[in-house]
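The sequence shown runs 114 to 568 under my numbering.
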Amino acid sequence: MTEEMQQSEPVSGERLPAVTVGLFGPRRLVKTMSEVGQEVAERSVHGVRFLTGGYDDLSEAEERYLRLRDRIDAAVFPGPWAFDLATTGHWLTVPSTHLPLTGAALYAALLRASLTIKDVDLSRVSIDSLSLADVSEAYSEISLDTAQVYDVPYEGPESVAGFAAFHREKWERQHTTLALTTILAVERELRADGVPVLRIAPTRSSVRDALETAVLLGQGTRMGAHQLAMIAVQVIPTGASRAESGDYWQQELALSTHQKLLSEARQVGASVTRRSDTLFLVTTTYGALLRLTEQFAVAPFLGALTAQLGVPVAVGAGTGQTARAAEANALMAVEDSVAAGGKVAVYLDGSSDRVDLEPGPATTESAPVDGTSPIDQRALEIVTSIASAMSSTPGRQVVVDVESVAAIMQVTQRTGRRMLKELVEAGLAWPLPPARSTAGGRPRQQFRLLTEKLD
């Protein structure tokens with residue numbers, strides 16, 4: 114069968130990648146799927162293409178799939194049987210879905226039977242694949258009794274083998290006037306045996322829903338490594354540290370945590386945001402998260418930070434298609450890690466079960482900053498000039514703000530703010546919690562210069 118293709122051109126400014134979806138199943142059904150796919154493609158504001166892999170017998174399904182597998186981002190199968198066979202056969206390579214078997218499809222089949230089959234008694238039929246609840250719902254729609262309606266639900270690939278015998282036995286005992294099946298092979302076998310049979314086909318609405326689901330699955334495949342990921346790091350002070358902790362100790366711990374996180378995050382191009390003295394957010398991508406966790410085998414940062422800081426640390430990682438979704442998952446995950454006492458990191462993506470990640474090697478040395486990533490010469494000159502002008506006492510911290518930097522360097526406050534940003538990015542300054550102003554108004558942001566790095 115020649116592959117049919119439908120495509121909508123991506124619009125200007127498209128943010129999501131174009132997607133190719135494979136449609137698999139009996140030729141007649143695939144033709145319907147293809148027609149509905151054209152409608153889906155025309156309505157889509159993103160590039161969508163459908164490739165068809167129709168077959169005459171289920172034994173051809175794997176070959177048709179393998180022929181297209183390198184060209185598709187998602188797949189749609191004709192029903193749960195074909196989908197399960199692909200899954201258990203281990204030849205499924207992309208996210209996939211199947212056309213649903215619902216009461217709506219049965220209702221449509223009953224209506225078709227009443228219009229096309231003479232003297233059919235719809236209250237005396239045998240039905241396969243659908244659940245009893247779906248059958249009861251469909252019959253209630255047409256106010257028919259189900260006392261003489263026989264149903265055998267789909268319960269896995271092995272259950273299909275008994276469908277034909279089930280229908281034949283009910284017909285031969287004159288319990289039924291019609292067999293309703295979802296399986297093409299069963300329909301052919303019963304028809305050859307002279308048993309009145311009609312195939313239950315999915316409605317166009319359910320086909321459309323399945324195709325739109327597949328498009329979303331395909332977009333997830335294409336975005337893959339570009340999906341946003343966030344890692345929340347929560348410092349868990351011990352009882353002893355709380356007793357001895359003043360503002361100075363808390364700030365020192367926060368600065369040390371921030372510094373070590375920046376050192377680790379630079380290796381994967383991630384950014385670090387300080388939310389409070391004890392909570393930090395690392396923003397990165399799903400691909401970078403895979404590298405940090407070694408394919409979700411070890412916890413990111415957990416072992417190294419705990420060893421370097423000397424206090425327990427909780428780590429939660431989350432992903433999502435938006436920053437808000439990734440952050441929400443990361444914050445929920447870090448709460449679970451806190452509840453576990455920081456013994457494991459937790460990963461949540463909002464759709465699957467949580468994944469617990471054991472700590473990696475507890476290194477006491479942070480990732481090299483000065484050796485492998487030399488500090489920018491301009492940043493060194495700026496911090497040296499400021500420190501010299503402040504005439505700091507040896508061993509005493511140098512704390513500045515935008516106004517003082519602008520005055521010392523004889524530049525505008527905007528340039529002073531940019532200089533401080535350069536120092537932070539170079540690891541030569543750390544933002545301090547804003548100090549409350551006695552005169553009211555917005556508190557000034559202060560920065561501690563890490564002059565010890567100049568030695």
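Where a beta carbon is used, it is the ideal one built from N, C-alpha and C, also for glycine.
On a predicted model such as this, the values are computed, not experimentally measured, just so you know.
Item checked: ASP469 versus LEU329 - alpha carbon distance -> 27 Å
Open item on the list: Only counting the same chain, and skipping five residues up and downstream in sequence, which positions put a Cβ closer than 6 Å to that of ALA292?
Closed with: Excluding residues up to 5 positions away in sequence, SER239, HIS280, LEU303, VAL308 and VAL310 lie with their Cβ nearer than 6 Å to the Cβ of ALA292 in the same chain.
Other residues of its chain near PRO472: CB distance less than 6 Å, five sequence neighbours each side excluded: ALA412, LEU415 and GLY416
| message | So the candidates are TYR220, LEU179 and THR290; which of them puts its Cα closest to the Cα of LEU205? | response | LEU179
Note to self: I'd like to confirm the pairing. Which residues does DSSP put opposite ALA430 in its beta bridges?
What the structure shows: ILE344 and TYR460
Fill in: GLY400 - containing beta strand (DSSP E), residue span
Not the beta strand (DSSP E): GLY400 falls in the alpha helix (DSSP H), residues 399–405.
* Three-state secondary structure (DSSP) of SER479 -> For SER479, the predicted structure reports a pLDDT of 43, less than 50, and the residue's modelled location is therefore unreliable. A value from the coordinates is still provided. It is coil, neither helix nor strand.
Next item on the list: Return the residue from the list SER384, THR397, THR294 and MET445 that minimises the CA-CA distance to GLN347.
Entry: Measuring from the Cα of GLN347, the nearest candidate turns out to be MET445.
Self-check item: Secondary structure of GLU127, DSSP reduced to three states
Solution: At GLU127, the pLDDT of 37 sits below 50, so the modelled position is not reliable; the number obtained from the coordinates is stated separately. The answer is coil: DSSP assigns GLU127 none of H, G, I, E or B.
May I ask you to list the residues that DSSP assigns as paired with ALA292? SER239 and VAL310
Inset, instruction - Grab me the residues of GLY463's own chain with a C-beta within less than 7 Å of its C-beta, minus the 5 sequence neighbours each way, in chain order. - result: GLY433, ALA438 and ASN442
query = If you check the beta carbons only, do GLY331 and ALA187 fall under 7 Å apart?
reply = For GLY331 and ALA187, yes; Cβs fall inside 7 Å.
task = Label GLU300 either buried or exposed according to how many other C-beta atoms from any shown protein chain fall within 10 Å of its C-beta, with 16 as the threshold for buried.
result = buried
inquiry  = Taking the alpha helix (DSSP H) that ALA174 belongs to, which residues open and close that run?
reply    = 174–181
- Check the C-beta distance from ILE344 over to VAL395 and give it rounded, since I have them as a contact under 8 Å. Between the beta-carbon of ILE344 and that of VAL395 there is about 4 Å, and that keeps the pair under the 8 Å contact cut.
Practice problem: Return the residue from the list ALA274, GLU268 and GLU285 that minimises the CA-CA distance to LEU297. | Solution: ALA274
Query raised in the report: Can you tell me where the beta strand (DSSP E) with VAL233 in it begins and where it stops?
Result: Membership of VAL233 in any beta strand (DSSP E) is not indicated, and neither H nor E is assigned to it by DSSP.
Next on the checklist: Less than 7 Å between the beta carbons of ALA401 and VAL381, yes or no?
Outcome noted: yes
Here's a check: name, in chain order, each residue in its chain whose Cβ is nearer than 8 Å to the Cβ of ALA356, leaving out the five neighbours to either side.
Low confidence applies to ALA356: its pLDDT is 43, below 50, so where it sits in the model is not reliable, and the reading given next is rough at best. So the list is empty, once near-sequence residues are dropped.
message: One question on the structure: do LEU212 and ALA323 come within less than 7 Å of each other, judged by their Cβ atoms?
response: Going by C-beta atoms, LEU212 is nearer than 7 Å to ALA323.
DSSP has GLY166 in a bridge; who is on the other side? PHE137
Pick out whichever of SER209, ALA246 and GLN372 has its Cα sitting closest to the Cα of ALA327. SER209
Inset, instruction - Rank TYR267, THR165, ALA314 and THR289 by C-alpha distance to the C-alpha of LEU224 and give the top, closest one. - result: Looking at the Cα atoms, ALA314 is the closest of the given residues.
Would you please state the rounded distance, in angstroms, between the beta carbons of ALA539 and ALA492? I believe it to be under 8 Å. Cβ-Cβ separation between ALA539 and ALA492: approximately 4 Å, consistent with a contact (criterion under 8 Å).
*asked:* Assuming HIS280 is part of the alpha helix (DSSP H), what are its boundary residues?
replied: 276–285
message: On the CB-based measure, 16 or more other CB atoms within 10 Å of its CB, does ALA542 come out buried or exposed?
response: buried
| task | Kindly confirm or deny that the region 253–269 and the region 226–241 touch, where touching means at least three C-beta pairs closer than 8 Å. | result | yes
* Asked: Are the beta-carbon atoms belonging to ALA243 and LEU214 less than 7 Å from one another?
  -> Sequence inspection shows Leu at residue 243; the Ala mentioned does not correspond to that position. Yes, the pair counts as a contact, with Cβ atoms nearer than the cut-off.
* Tell whether a beta-carbon distance below 7 Å holds between THR419 and VAL426. => yes
**Report entry** Runs of beta strand (DSSP E) lying entirely within the region 246–274, each at least 3 residues, in chain order
**Finding:** Those beta strand (DSSP E) runs which fall completely within the region 246–274 and span 3+ residues are 263–266.
Worksheet entry | With 16 other Cβ atoms within 10 Å as the buried cut-off, status of ASP232 | With fewer than 16 other CB atoms across the displayed protein chains lying within 10 angstroms of its CB, ASP232 is exposed.
**Message:** Beta-carbon within less than 6 Å of GLY455's beta-carbon, same chain only, minus the 5 sequence neighbours each way: which residues are those?
**Reply:** ILE349, PRO425, VAL426 and ALA427
Does DSSP put PHE560 in a helix, in a strand, or in coil? strand
Item to complete: Take the Cβ of ARG184 as the centre, count every other Cβ of all protein chains shown within 10 Å, and call the residue buried at 16 or more, exposed below.
Response: exposed
message = Report the CB separation of ALA452 from ALA430 in whole angstroms; it is logged as a contact under 8 Å.
response = The Cβ separation is near 16 Å, so there is no contact.
Would you please state the rounded distance, in angstroms, between the beta carbons of GLY160 and ALA131? I believe it to be under 8 Å. 3 Å
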